[in-house]
Amino acid sequence: MTSFVEPPLKGVRVVELTHTILGPSCGMILADLGAEVIKVEPVDGDRTRRLRGFGGGFFGYFNRNKKSLALDADSAPGRKILVKLLQSADVMIENFA
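So for the sequence shown, my numbering puts the first residue at 7; every next one is plus one.
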């Protein structure tokens, strides 16, 4: 008989404001453990989307199991969406400091 165990972070919502490798790695682990991770990218996308050669698979690997959206956080409509997302989140992660 096969039994299914719920992932430990099921029901946890994470808003991810990260880029490159280290920040997305954190979100990747949380998503792999069952959290709903929503990656917020700038309008032109995460820089790793544009990597070629050896780095060409970085974006897909480090952002698996995530939902994503692109928005202009400097615009009033973009800020409104971001605030609404953050209000619904249990966790926010960022690595822009």
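Ideal Cβ placement from N, Cα and C applies to all residues, glycine included.
Beta-carbon proximity list for residue i, same chain, < 7 Å, skipping 5 on both sides
i      : result
Gly-33 : Val-20, Glu-22, Thr-24, Val-43, Lys-45, Lys-72, Ile-99
Asp-52 : His-25, Phe-65
Arg-55 : Phe-65
Contact under 7 Å by Cβ, residue i with residue j
i      : j       : result
Leu-36 : Asn-101 : no
Leu-77 : Gly-84  : yes
Pro-64 : Leu-57  : First, the residue type needs correcting, since residue 64 is Phe and not Pro in the sequence shown. Result yes, Cβ atoms of Phe-64 and Leu-57 sit closer than 7 Å.
Val-18 : Asp-80  : no
Minimum Cβ-Cβ distance from residue i to chain B less than 7 Å
i      : result
Ala-79 : Of the chains in the structure shown, none is chain B; there is only one protein chain.
Start-to-end residues for the alpha helix (DSSP H) that takes in residue i
i      : result
Ser-31 : 28-38
Leu-88 : 82-93
Gly-66 : 64-68
Cβ-Cβ separation, residue j to residue i (assumed contact under 8 Å), whole Å
i      : j      : result
Pro-14 : Phe-68 : About 21 Å; that fails the 8 Å criterion.
Span of the beta strand (DSSP E) around residue i
i      : result
Ala-6  : Given a span of 7 to 103 for the chain in the structure shown, any question on residue 6 remains unanswerable.
Arg-56 : Where Arg-56 is concerned, there is no enclosing beta strand (DSSP E), given that its DSSP letter is neither H nor E.
Same chain, Cβ closer than 8 Å to residue i, five either side skipped, listed in chain order
i      : result
Leu-39 : Pro-13, Pro-14, Leu-15
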